[in-house]
Amino acid sequence: MPLHVEQRGAGPPLVLLHGFTQTARLWGPFGDLLAHDHTLIGVDLPGHAGSDAVRADLPTTAALVREAVTSAVGPVSCDLLGYSLGARVALHVATGTDLGIRRLVVIGATGGIEDPEARRRRREADEATADALEASGDVEAFVTRWVSGPMFARLAGAAQSDERERNTAVGLASSLRLAGTGTQEPLWDHIPTLAMPLLALAGTDDNRFSAHAERLALTAPNGIVSLIPGGGHAAHLAQPAVVARLVGHWLATA
0 MPLHVEQRGA GPPLVLLHGF TQTARLWGPF GDLLAHDHTL IGVDLPGHAG
50 SDAVRADLPT TAALVREAVT SAVGPVSCDL LGYSLGARVA LHVATGTDLG
100 IRRLVVIGAT GGIEDPEARR RRREADEATA DALEASGDVE AFVTRWVSGP
150 MFARLAGAAQ SDERERNTAV GLASSLRLAG TGTQEPLWDH IPTLAMPLLA
200 LAGTDDNRFS AHAERLALTA PNGIVSLIPG GGHAAHLAQP AVVARLVGHW
250 LATA
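Just so it is clear: in the sequence shown, position 95 is 94 by numbering that gives the first Met the number 0, and no numbers are missing.
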């Protein structure tokens with residue numbers, strides 16, 4: 000089953016891969032600013048919005064993204080930007096498919112949990128969360144709790160909760176079980192194979208992911224890191240003008 004794709008804007012193609020509980024439409028003013036100079040190819044990831052019925056792990060999701068993007072833009076190279084869950088998918092696309100990627104941007108990304116015991120604990124936690132969500136069926140309450148967590152303290156209205164509530168309990172639960180961080184096999188050994196330029200972004204106050212961003216930039220042959228002052232996990236939503244200016248300038252670099 001193909002992934003749902005939405006397009007807007009004008010200019011060279013920029014593929015956007017959203018985070019968990021989000022959709023291809025949930026990029027707020029950050030996306031609006033990028034659409035001035037790019038054709039945005041927004042992909043609903045498995046278990047989300049228009050791809051609610053799709054069930055896929057991360058490597059399979061990467062292959063589905065490759066098919067969706069090729070169908071949308073043809074054989075031309077594109078820029079690829081992923082946030083959180085979408086960033087992990089983007090790294091799988093870049094390391095595991097032949098999609099022509101000109102430049103890669105990841106926001107709030109990780110190459111995976113390397114310690115098997117820690118990965119097992121995270122997988123069990125994700126499965127428990129998925130079970131509880133499925134049992135309640137209450138997406139509105141789940142989204143409220145999710146965006147109220149400390150990682151998203153700066154979002155307020157930028158969380159776009161109404162858009163997140165287009166998702167279903169069954170779809171989100173499947174995403175947690177199949178594509179959560181606990182299920183991800185670490186990609187750190189594959190990052191040195193990336194040939195394209197990579198920009199790793201994170202907020203300075205998002206301690207864990209700012210450390211991951213620095214490691215990704217050091218590990219990728221053509222990687223750089225940019226930490227957004229005062230930014231949290233979703234810096235592009237909380238500080239859209241700053242992050243869009245930075246990303247737009249970097250993508251425009253020859």
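Backbone N, C-alpha and C fix where the C-beta goes; we use that ideal spot for every residue, glycine too.
Q) According to DSSP, which residues form a beta bridge with alanine 201? A) Leu226
Q) Taking all protein chains shown into account, do 16 or more other C-beta atoms lie within 10 angstroms of the C-beta of glycine 81, making it buried, or fewer, making it exposed? A) buried
Q. According to the Cβ coordinates, are glutamate 257 and alanine 178 closer than 8 Å?
A. Summary: the structure shown does not reach residue 257, with the chain confined to residues 0 through 253, and so no result is reported for it.
Q. Is DSSP giving isoleucine 112 helix, strand or coil here?
A. coil
**Q.** Alpha-carbon spacing of valine 241 relative to alanine 216, whole angstroms
**A.** 20 Å
Q: Between the Cα of glycine 247 and those of Leu79, Asp43, Thr180, Ser135, spot the shortest distance and give me the residue it belongs to.
A: Leu79
Q. Along the chain, where does the alpha helix (DSSP H) that runs through aspartate 31 open and close?
A. 27-33
Q) How would you label glycine 255, buried or exposed, when you count the other beta carbons within 10 angstroms and need 16 or more for buried? A) As shown, the chain starts at 0 and ends at 253. That puts residue 255 outside it, with no answer to give.
**Q.** Cα-Cα separation between leucine 13 and threonine 20, rounded to whole angstroms
**A.** 21 Å
Q: Pick out the complete alpha helix (DSSP H) segments inside the segment 89-150, 4 residues or longer, and give them in chain order.
A: 115-135, 138-146
Q | Alpha-carbon to alpha-carbon, threonine 143 and aspartate 137 | A | 10 Å
Q. Can you give, in chain order, each stretch of the beta strand (DSSP E) that sits fully within the segment 37-82 and has at least 3 residues?
A. 38-42, 77-82
Q. Can you round the beta-carbon distance between aspartate 10 and glycine 85 to whole angstroms, since I take them to be within the 8 Å contact cut?
A. Contrary to the premise, residue 10 reads as glycine rather than aspartate in this sequence. That pair is no contact at about 21 Å.
Q) Is the Cβ-Cβ distance between phenylalanine 29 and proline 239 less than 8 Å? A) yes
Q) What residue does the beta strand (DSSP E) around arginine 153 start on, and which one ends it? A) Where arginine 153 is concerned, there is no enclosing beta strand (DSSP E), given that its DSSP letter is neither H nor E.
(Q) Looking at the secondary structure, which residues open and close the beta strand (DSSP E) in which arginine 7 lies? (A) 4-8
Q: Could you tell me whether the segment 185-196 touches the segment 148-155, using the rule of 3 or more Cβ pairs below 8 Å?
A: no
Q: Taking all protein chains shown into account, decide if asparagine 221 is buried (16 or more other Cβ within 10 angstroms of its Cβ) or exposed.
A: exposed
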